[in-house]
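Numbering (the numbering used here), first residue to last: 16 to 281.
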Amino acid sequence: MNIPNMEPRRIQLVYWGYAEGKAGMHIPPHAHSCWQTHFTLSGSCRLRTDEGDFLLHDQDMIFLAPGVRHTLTYPESYLCYSCKFQADLFGLPPVIHSPGSKFTRGVIQTVKTILETSFPSRFFGVPEGTMILPGDHYQLLMEYFLTGVLATFRQARMEQSPVIARIHQLIETQGKPFFSVAEAAEACGCSRNHFSLLVRKETGMSARNYLNCLRLECARKLLLHTDQNIGEIALQLGFSSPFHFSDFFKRMSGVSPLRFRKSGKE
Numbered sequence: 016m017n018i019p020n021m022e023p024r025r026i027q028l029v030y031w032g033y034a035e036g037k038a039g040m041h042i043p044p045h046a047h048s049c050w051q052t053h054f055t056l057s058g059s060c061r062l063r064t065d066e067g068d069f070l071l072h073d074q075d076m077i078f079l080a081p082g083v084r085h086t087l088t089y090p091e092s093y094l095c096y097s098c099k100f101q102a103d104l105f106g107l108p109p110v111i112h113s114p115g116s117k118f119t120r121g122v123i124q125t126v127k128t129i130l131e132t133s134f135p136s137r138f139f140g141v142p143e144g145t146m147i148l149p150g151d152h153y154q155l156l157m158e159y160f161l162t163g164v165l166a167t168f169r170q171a172r173m174e175q176s177p178v179i180a181r182i183h184q185l186i187e188t189q190g191k192p193f194f195s196v197a198e199a200a201e202a203c204g205c206s207r208n209h210f211s212l213l214v215r216k217e218t219g220m221s222a223r224n225y226l227n228c229l230r231l232e233c234a235r236k237l238l239l240h241t242d243q244n245i246g247e248i249a250l251q252l253g254f255s256s257p258f259h260f261s262d263f264f265k266r267m268s269g270v271s272p273l274r275f276r277k278s279g280k281e
């Protein structure tokens, strides 16, 4: 059977609010344990990372992956919507900067509409922002929307990267992910070293980690959307035994395949 295209799973929002910087303010180097995004509403902000320097203006968007150290400097007063979220994302660089455009204006307007129509009004204007609690549900529409925005970035990146697009095309054709870096490199007509460099450049991940993420996402889809047992899934994905597959899945995701299947169908 062919495995469907691997899109990002729905994100889980953990924080939302307004982020404001006053002219001349400087925030020293720091990093977050989750993804963070800024949707710029007004003013400007200089954000410095190891991936590069970015000057954010009105209607710009930026996404920062977990662990990306950055500093913030405000040449003038700055205001943005800010969200932090957990997500299993791959195929995306650690920093995604989208300058102001018709697309970003549409995204920011939609974010504004969702916030104003489905988020509790009592939390607006809270200086420290608002944490999402385990029992909250008002954020679901925003989570699905941001998942779609990230899927759009991912698709655009695939179209711009022949190597990444080729990997996904071959996975669809053969019905399973590549098991080794050497195998994937050969299929793409590259040396192993050149392939690894290209993947690192396009995704910010090592080739091994990237292929493991693809394999994990394939496994998740098979667990949730087919009735195949663990042994059949292990065989389809190229594992030597159900034990090795289960060990890989738990190591990558933190839960066993059976528990993941059960929780996903509850």
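All C-beta atoms, glycine included, are put in the ideal place defined by N, C-alpha and C.
Residues of its chain near P44, where Cβ-Cβ distance is below 8 Å and the 5 sequence neighbours each way are ignored
Taking the sequence shown and counting its residues from 1, one reaches residue 44 at position 29. Answer for P44: R84, H85, T86, listed in chain order.
Exposure label - P192; buried when at least 16 CB within 10 Å:
By one-based count along the sequence shown, residue 192 stands at place 177. By the 10 Å Cβ count, P192 comes out buried.
Separation of G115 from P257, as counted between CA atoms
Within the sequence shown, residue 257 is the residue found at index 242, counting from 1. Within the sequence shown, residue 115 is the residue found at index 100, counting from 1. One C-alpha to the other measures close to 48 Å.
Please name the residue, chosen from P135, G58, M146, S255, that lies closest to Y153 on a Cα-to-Cα basis.
Position 138 of the sequence shown holds residue 153. Among P135, G58, M146, S255, the Cα nearest to that of Y153 belongs to P135.
Continuous beta strand (DSSP E) stretch holding P43: start and end:
Residue mapping note: residue 43 aligns to position 28 of the sequence shown, counting from 1. Unbroken beta strand (DSSP E) run through P43: 41–45.
Cα-Cα, which of E187, S57, S92 is closest to G39?
If you number the sequence shown from 1, residue 39 lands on position 24. Ranking E187, S57, S92 by Cα distance to G39 puts S92 first.
Across the stretch 120–130 and the stretch 92–103, are there enough close Cβ pairs to call them in contact, namely three or more that are closer than 8 Å?
yes
Please report the Cβ distance between H53 and A34, rounded to the nearest whole angstrom; I am assuming they are in contact, meaning their Cβ atoms lie under 8 Å.
For the purposes of this step, residue 53 is taken as the residue at position 38 of the sequence shown. For the purposes of this step, residue 34 is taken as the residue at position 19 of the sequence shown. About 6 Å separates the two Cβ atoms, so the contact holds.
Mind checking whether W50 and F118 have CB atoms under 8 Å apart?
As a working note, residue 50 is residue 35 in the sequence shown. As a working note, residue 118 is residue 103 in the sequence shown. Going by C-beta atoms, W50 is not nearer than 8 Å to F118.
Compute the Euclidean distance between the alpha carbons of R274 and A102, then round it to the nearest angstrom.
Position 259 of the sequence shown, counted from the first residue, corresponds to residue 274. Position 87 of the sequence shown, counted from the first residue, corresponds to residue 102. Each residue's Cα considered, the two are about 19 Å apart.
Which residue or residues does DSSP assign as beta-bridge partners of I10?
What is shown of the chain runs 16 to 281, which leaves residue 10 out entirely.
Would you please verify whether the beta carbon of A171 is less than 8 Å from any beta carbon of chain B?
Here chain B cannot be found, since the structure has a single protein chain.
Comparing alpha-carbon positions, which option in H259, L239, A234 lies nearest I248?
Translated into the one-based positions of the sequence shown, residue 248 becomes position 233. Looking at the Cα atoms, A234 is the closest of the given residues.
Between F263 and the rest of its own chain, which residues show a CB-CB distance below 6 Å, the 5 nearest in sequence each way excluded?
Your numbering for residue 263 matches position 248 in the sequence shown. Counting only Cβ-Cβ distances below 6 Å, and skipping sequence neighbours, we find nothing.
Three-state secondary structure assigned by DSSP to F69
In the sequence shown, counting from the first residue as 1, residue 69 sits at position 54. Strand, per DSSP.
Report buried or exposed for M21, applying the criterion of at least 16 other Cβ atoms within 10 angstroms of its Cβ.
Locating residue 21 in the sequence shown gives position 6, where the first residue counts as 1. Any reading at M21 must be qualified, since the residue scores a pLDDT of 42, below 50, and its modelled position is unreliable; no value is offered.
From the DSSP output, in three-state form, read off V29 for me.
Taking the first residue of the sequence shown as position 1, residue 29 is located at position 14. Three-state result, V29: strand.
Every unbroken alpha helix (DSSP H) within the stretch 99–158, with a cutoff of 4 residues, ordered by chain
117–133
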